[in-house]
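Participant:
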Amino acid sequence: MRITVDMNLCESHGQCVFAAPDIFSFDDEDYLLYDAAPADALRDRAEQAAAVCPVRAITVSAGAS
Amino acid sequence: MRRPAPRRIVVVGASLAGLRAAEALRAQGFTGTLTIVGAEPHLPYDRPPLSKQVLTAQPGPPGTALPLPAALDARWLLGRPAVSLDPTARTVALADGTLLPYDGLVLATGSAARGAPAALAGPPRGVLTLRGLDDALALRAALVPGRRLTVVGAGFLGGEVAAAARQRGLHVTLVEAAAQPLERTLGPAAGAYVGALHRAAGIDLRTRTTVTGFRAGANGHVTGVELATGDTVRADAVLLALGAAPATGWLADSGTAVDGGVHCDPYLRALRPDGSVVDGVVAAGDVARVPQPLAGGGRLALGHWTNAVEQGAAAAATLLAPGTPAPFTAVPSFWSDLHGARIRSVGLPAVADEARIVEHDLAGRRLEVAYHREGRLVGALTINRTARLAAYRTALREDGEPAQQPAPAA
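Respectively, the protein sequence lines represent chains A and B. Reminder that position 54 of the first sequence reads as 54 in my numbering, one-by-one numbering, no gaps. With positions in the second sequence counted from 1, the corresponding number in my numbering is that position plus 1000.
#1: Could you tell me the boundaries of the alpha helix (DSSP H) in which B:His1304 lies?
#2: Tell me where the beta strand (DSSP E) around B:Ala1237 begins and ends.
#3: What are the residues in the stretch 7–20 of chain A lying within 8 Å of chain B by C-beta distance?
#4: What are the residues that DSSP puts in a beta bridge with B:Arg1206?
#5: Using 10 angstroms around the beta-carbon of B:Gln1292, count the other beta-carbons present and answer buried if the total reaches 16, otherwise exposed.
#6: Measure from the C-beta of B:Val1309 to each C-beta in chain A and report whether the shortest distance is under 8 Å.
#7: With a threshold of 6 Å on Cβ separation, who are the neighbours of A:Ala57 within its own chain once the five nearest residues in sequence on each side are excluded?
#8: Would you verify that the beta carbon of A:Val5 is, or is not, closer than 8 Å to some beta carbon of chain B?
#9: For B:Pro1048, which of B:Ala1391, B:Ala1330, B:Trp1335, B:Ala1326 has the nearest alpha-carbon?
#10: Please list, in chain order, all residues of the same chain as B:Glu979 whose beta carbon is under 7 Å from its beta carbon, the five residues on each side excluded.
#11: List the residues that DSSP assigns as beta-bridge partners of B:His1360.
#12: When DSSP builds the beta bridges, which residues end up paired with B:Leu1338?
#13: Can you tell me whether A:Ser61 is buried or exposed? The criterion is at least 16 other CB atoms within 10 Å of its CB, across all chains shown.
#14: Given that A:Asp28 touches chain B, what residues does it touch there, using C-beta distances under 8 Å?
#15: What three-state label does DSSP hand B:Asp1286 in the structure shown?
#16: Mark B:Asp1337 as exposed unless 16 or more other C-beta atoms lie within 10 angstroms of its C-beta, in which case mark it buried.
#17: Specify the secondary structure class of B:Ser1051 as computed by DSSP and reduced to three states.
#18: Which residue spans inside the stretch 1085–1124 of chain B form an unbroken beta strand (DSSP E) run of at least 3?
#19: What residues in the stretch 1046–1062 of chain B have a beta carbon less than 9 Å from any beta carbon of chain A?
#20: Measuring straight from C-alpha to C-alpha, what distance separates B:Leu1182 and B:Gly1063?
#21: Below 7 Å CB to CB, which residues in the same chain sit around B:Thr1248 once its five sequence neighbours on both sides are set aside?
#22: Quick one: using the 10 Å Cβ neighbour count with 16 as the cut-off for buried, is B:Ile1357 buried or exposed?
#23: What do you reckon, are the CB atoms on B:Gly1038 and B:Pro1006 nearer than 8 Å?
#24: Compare the C-beta of B:Ala1216 against all C-beta atoms of chain A and say whether one is closer than 8 Å.
#25: Out of B:Ala1138, B:Gly1126, B:Asp1236, B:Val1194, which one is the CA nearest neighbour of B:Gly1060?
#26: Can you give the Cα-Cα distance for B:Asp1096 and B:Asp1253, rounded to whole angstroms?
#27: Could you say which of B:Gly1153, B:Arg1140, B:Gly1280 lies nearest to B:Gly1323 if we only look at CA atoms?
#28: Going by alpha carbons, who is nearest to B:Thr1098 out of B:Gly1115, B:Tyr1392, B:Ala1116, B:Gly1079?
#29: Give, in chain order, every unbroken run of the beta strand (DSSP E) that is at least 3 residues long and sits entirely within the stretch 1031–1078 of chain B.
#30: Tell me whether B:Leu1186 sits in a helix, a strand or coil according to DSSP, three-state version.
#31: Contact between the stretch 1341–1355 of chain B and the stretch 1307–1325 of chain B is defined here as three or more beta-carbon pairs at a separation below 8 Å; is this criterion met?
#32: Does DSSP put B:Pro1291 in a helix, in a strand, or in coil?
#33: Could you give the DSSP three-state label for A:Phe18: helix, strand or coil?
#34: If you run the structure through DSSP and keep just helix, strand and coil, what is B:Pro1145?
#35: Assess contact between the stretch 1105–1113 of chain B and the stretch 1202–1212 of chain B, defined as three or more Cβ pairs (one per stretch) separated by less than 8 Å. Is contact present?
#36: With burial defined as no fewer than 16 other Cβ atoms inside 10 Å of the residue's Cβ, what is the status of A:Thr59: buried or exposed?
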């Protein structure tokens, strides 16, 4: 599974961090950090994170982890 | 008790909650007829930008359409408000006379802006409200740099519009009845912080006062606002940002309990005043008044984006559940962006009886507040400290999660 985040759109709402803390987190300046190739077992959480992003910055796609 | 799977589902409300309910119905395997009714002529669009980028972006407003999944396969009935519900016959009537039979019904009609209070009835031209896309475009047209805007009500919507207008180069007066902006929602300390942000941006914030009248020119257009203090503020345009009320007028004769929103059980099923379930009817989003574990089980309608998203999906799951649905337990959250400050919140600060300031740095534009009710954490708010929120949300989930109880048979 591949994760991409359009950082031009990201407004640090934090909804993805709430939905999938194993993939998304913030640094001390509220800048989003994420695992671009998480395990496929996290697929549901990744898709939930994409669904709750208010600015639709997250894309989840198939691909080698 | 096992119910037959619904074949015809009607979603009343073509905004975020209704769309997410429709998407979830298809994602959860519903293959029957799906009809989505909208009072506005527009396909679903996103509302948070209406008080931000739609007002400020140059040269023109950005698109706000929400993406529609290709597999939605819905029949859209737009520009046709629903006018009544008959839960015995299982039909919804539309303003044009159309009668829609349903097996399952999602109530997602959102909320409507509160207009001028009775004492100010019949305001002059140029006195606006903001709820929908057309309202936002009308407001945008009134935001001419150098002109004067008065915003009445310093809640989230009023504050964001004031900030947007300031960014566009208008002279902005912001009138608030309470001692601080957002005081009832966030408490006095966070409210004072937000007030300081407004003043630092050059907004003339007038608290502890109300509007008592409007002044208008010979052409019938507003020229000023009269305040209870006796002052008159010159204005070329006025926005009334006095809150929103759940859009339940069309349900008045339906036999459902609708004061302050459609009363729901923990599975988002609509209730009658006696507490019995209206079979086959669920509610989601601004219109739904749902038991909140963080409010001691009291029912609240929450007009927040994430609430619409999460309840839309949960309401769909309840409609399709062959047996016991899952209770809705999501921790509420909301946000606002003011003068470049990221205001983020989880839980229900509005029900707190105590606000504990963890960090208060006006120069650094950072704030962290933990909210408690009877000694128990019920919410948190940060400004430019979103990273701190996840731990609060985890604590609220663990503390606020009710025991899983089986639903009574519908």
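The C-beta atom is built at its ideal place from N, Cα and C for all residues, glycine as well. Bear in mind that the values here come from a model prediction, so they are computed numbers and not experimental data.
Facilitator: The short version:
#1: Along the second sequence, read from residue 1 onward, the residue named residue 1304 of chain B stands at position 304. Taken as a continuous stretch (DSSP letters only), B:His1304 belongs to no alpha helix (DSSP H), as it is neither H nor E.
#2: Taking the second sequence and counting its residues from 1, the one referred to as residue 1237 of chain B is at position 237. From DSSP, the beta strand (DSSP E) with B:Ala1237 extends over 1237–1240.
#3: Residues passing the 8 Å Cβ filter: Glu11, Ser12, His13, Gly14, Gln15, Val17, Phe18.
#4: To locate residue 1206 of chain B, count along the second sequence from 1; it is residue 206. Beta-bridge pairing links B:Arg1206 to B:Val1175.
#5: For the purposes of this step, residue 1292 of chain B is taken as the residue at position 292 of the second sequence. Burial state of B:Gln1292 is buried, judged by a 10 Å Cβ sphere holding 16 or more other Cβ atoms.
#6: Position 309 of the second sequence, counted from the first residue, corresponds to residue 1309 of chain B. Interface residue, yes.
#7: Locating residue 57 of chain A in the first sequence gives position 57, counting from the first residue. Closer than 6 Å at the Cβ level, and outside the excluded window around A:Ala57, lie Val5, Asp6, Leu9, Cys10.
#8: Within the first sequence, residue 5 of chain A is the residue found at index 5, counting from 1. Residue-level contact check: A:Val5 does not touch chain B, since none of the beta carbons of chain B fall below 8 Å from its beta carbon.
#9: The count along the second sequence starts at 1 and reaches residue 1048 of chain B at position 48. Out of B:Ala1391, B:Ala1330, B:Trp1335, B:Ala1326, B:Trp1335 has the C-alpha closest to the C-alpha of B:Pro1048.
#10: No information on residue 979 of chain B is available, as it lies outside the stretch 1001 to 1410 that chain B covers here.
#11: Taking the first residue of the second sequence as position 1, residue 1360 of chain B is located at position 360. In DSSP, B:His1360 forms a bridge with B:Leu1367.
#12: By one-based count along the second sequence, residue 1338 of chain B stands at place 338. Bridge partners of B:Leu1338: B:Ala1341.
#13: As a position in the first sequence, residue 61 of chain A is number 61, starting the count at 1. With fewer than 16 other Cβ atoms within 10 Å, it is exposed.
#14: Here the question's residue 28 of chain A lines up with position 28 in the first sequence. Scanning chain B for C-beta atoms nearer than 8 Å to the C-beta of A:Asp28 yields Ala1387, reported in chain order.
#15: As a position in the second sequence, residue 1286 of chain B is number 286, starting the count at 1. In the three-state reduction of the DSSP assignment, B:Asp1286 falls in the helix class, which pools H, G and I.
#16: In the second sequence, the residue the question calls residue 1337 of chain B occupies position 337. By the neighbour-count rule (16 or more Cβ atoms within 10 Å), B:Asp1337 is buried.
#17: Within the second sequence, the letter at position 51 stands for residue 1051 of chain B. Three-state result, B:Ser1051: helix.
#18: 1091–1094, 1099–1101, 1104–1107, 1111–1113
#19: Under the 9 Å Cβ criterion, the stretch 1046–1062 of chain B contributes Asp1046, Pro1048.
#20: Taking the second sequence and counting its residues from 1, one reaches residue 1182 of chain B at position 182. Taking the second sequence and counting its residues from 1, one reaches residue 1063 of chain B at position 63. Using only the alpha carbons, I get a separation of about 29 Å.
#21: Residue numbering aside, residue 1248 of chain B sits at position 248 when the second sequence is read from its first letter. Closer than 7 Å at the Cβ level, and outside the excluded window around B:Thr1248, lie Val1258, Gly1261, Val1262, Val1287.
#22: Your numbering for residue 1357 of chain B matches position 357 in the second sequence. Per the 10 Å Cβ criterion, exposed.
#23: As a position in the second sequence, residue 1038 of chain B is number 38, starting the count at 1. As a position in the second sequence, residue 1006 of chain B is number 6, starting the count at 1. Remark: C-beta atoms of B:Gly1038 and B:Pro1006 do not approach each other more closely than 8 Å.
#24: Reading the second sequence from its first residue, position 216 is the one you call residue 1216 of chain B. Not an interface residue.
#25: Taking the first residue of the second sequence as 1, we reach residue 1060 of chain B at position 60. Considering only alpha carbons, the answer is B:Ala1138.
#26: For this step, residue 1096 of chain B is matched to residue 96 along the second sequence. For this step, residue 1253 of chain B is matched to residue 253 along the second sequence. The straight-line gap from Cα to Cα measures roughly 18 Å.
#27: Within the second sequence, residue 1323 of chain B is the residue found at index 323, counting from 1. Cα-wise, what sits closest to B:Gly1323 is B:Gly1280.
#28: Here residue 1098 of chain B refers to the residue found at position 98 of the second sequence. The shortest C-alpha separation from B:Thr1098 is found at B:Gly1079.
#29: 1033–1038, 1075–1078
#30: Taking the second sequence and counting its residues from 1, one reaches residue 1186 of chain B at position 186. In this structure, B:Leu1186 counts as helix in the three-state DSSP scheme.
#31: no
#32: Stepping through the second sequence from its first residue, residue 1291 of chain B is reached at position 291. In the structure shown, B:Pro1291 sits in a strand (DSSP, three-state: E or B).
#33: The residue given as residue 18 of chain A occupies position 18 in the first sequence. Of the three classes helix, strand and coil, the one that applies to A:Phe18 here is helix, per DSSP.
#34: Counting from 1 along the second sequence, the entry for residue 1145 of chain B is found at position 145. Coil at B:Pro1145, not helix or strand.
#35: Three or more beta-carbon pairs separated by less than 8 Å are not found between the stretch 1105–1113 of chain B and the stretch 1202–1212 of chain B, which leaves the two stretches without contact.
#36: As a working note, residue 59 of chain A is residue 59 in the first sequence. Here A:Thr59 is exposed. Its C-beta has fewer than 16 other C-beta atoms within 10 Å.
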